[in-house]
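Mapped onto the numbering used here, the consecutive letters of the sequence shown carry residue numbers 13 to 384. Heads up, the beta-carbon is just placed ideally off N, CA and C, and yes, glycines get one too. Have a look at the structure below before the remarks.
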Amino acid sequence: MSNVVHVGLAGRAYDVHIGPGVLPEAGSLIGPLLRRARVAIVTDENVARLHLRTLVEGLEKSGISSVSLSLPAGEGTKSWPHLEHVTGWLLERKIERNDIVIALGGGVIGDLVGFAAAILRRGVRFVQVPTSLLAQVDSSVGGKTGINAPQGKNLIGAFHQPSLVLADTAVLGTLAERDFLAGYGEVVKYGLLGDSTFFQWLEGHGSRASAGDMAARMHIVKRSVEMKAEIVTRDETEQGDRALLNLGHTFCHALEAATHYDGARLLHGEGVAIGCALAFELSARLGLCSQEEPSRVRALLRNMKMKVDLSDIEGELPAVDALIALMGQDKKVVDGKLRFVLARGIGAAFITDDVPPAAVRAVLQEALAARG
């Protein structure tokens, strides 16, 4: 039995179905949205091998035919050449405005396919079928789509809300431990930014979700989606509160650029976890919260066997000046000033551009020095 979270955007509302066994029921859930009984599926090669047949058979049960395209797995797929490939393929398949494109995969596929849908015929409907924890709790909800540029991550994109999200928690069982834990970085972020009770629950029960407990997995996905839906409904295009969702991301995106988006060295969710720890370290340094708070954040991440420090990133990292320059490319720069999400405590995050550069430099220098 799935749980349903409603994203109540006026004129663009949609439901997020969460639970084991959602994928085989895709046809009955997607069918009511269709004008004609056919869809186009875009996925990646790894996900196709594991889950494409289940989705296709779930659609066929409801008399829905499909065509599919499998792309290479990895962050490098969020690029102009693959965007051109996807849009060209959809046009060749004569996908119309009233048709539906399904994004079956993790955050890379969701972002890329959502952006292709946004620009195809000036806007085609799409359905997110997220298969990673990170995509289920974060990137599949809220309508942010896009690709990476050489200058930085997600700098080319559009807001384009899905028509439906199907988050089958059973597919999380096929994730490698590292990929599951990377997604957990985004889960922890929700507790840190606005729900100290959820963070406390994670401290006591997070290991159950990691060990495969389905009720725990459903809880972390549902609570994360509820929080994201509340924020997105208040601020769809990130003019205010939605920027809270970027907790840890200013540091994270700089680290991803510094490691050349090499998933072998750093996955996005790992960067978020490290970024959240750094954001709390910076908050404590500025006297916004006690030093106990960053220690508590790091303890939770460590207990879950997650990446926490810059020393957990293999290979060379650039010097402080270069990292700060990469932070300056972030989308959160406004009038040349970096916007940070900082915290007055766990569950009490806020947005500010009033951060002394010397404090940022000091936190990064300390973190780099600890690498030895």
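Taken atom to atom, the span from the alpha-carbon of THR209 to that of SER151 is near 23 Å. Counting every other CB atom within 10 Å of its CB across the protein chains shown gives ASP56 a total of 16 or more, marking it as buried. When secondary structure is reduced to three states using DSSP, ALA147 falls in the helix class.
ALA269 has its alpha-carbon roughly 27 Å from the corresponding atom of SER307. Spanning the alpha carbons of LEU146 and ARG48 requires a straight line of approximately 32 Å.
When rounded, the separation of the alpha-carbon atoms in VAL16 and ARG383 is 44 Å. The DSSP-derived three-state label of THR55 is strand.
Contact check for GLY88 against VAL149 fails: the beta carbons are separated by 8 Å or more. Between the alpha carbons of ARG24 and GLN173 lies a distance of about 7 Å.
Taking a cut-off of 8 Å for Cβ pairs, the region 245-253 and the region 314-332 do not touch, as fewer than three such pairs fall below it.
By the Cβ neighbour-count rule, GLN140 is buried, with 16 or more other Cβ atoms within 10 Å of its own.
The criterion of a C-beta distance shorter than 8 Å is not satisfied by ILE286 and VAL309. Annotated as distal: ILE42 and VAL237, with beta-carbon spacing of 8 Å or more. Per DSSP, reduced to three states, the secondary structure at GLN140 is strand. Rounded to whole angstroms, the separation of the alpha carbons of LEU45 and ALA129 is 16 Å. DSSP places ILE131 in the uninterrupted alpha helix (DSSP H) bounded by 119-131.
The beta carbon of MET318 lies closer than 6 Å to those of LEU193 and ALA285 in the same chain, with the five residues before and after it left out. Under the three-state reduction of DSSP output, ALA370 falls in the helix class. When the beta-carbon positions are compared, GLY155 and PHE138 stay at least 8 Å from each other. Around the beta carbon of LYS90, 16 or more other beta carbons sit within 10 angstroms, so the residue counts as buried. When the Cα atoms are used, ASP225 and LYS234 turn out to be separated by approximately 14 Å.
Inter-residue distance for GLY20 and ALA374 is about 42 Å (C-alpha atoms, whole angstroms).
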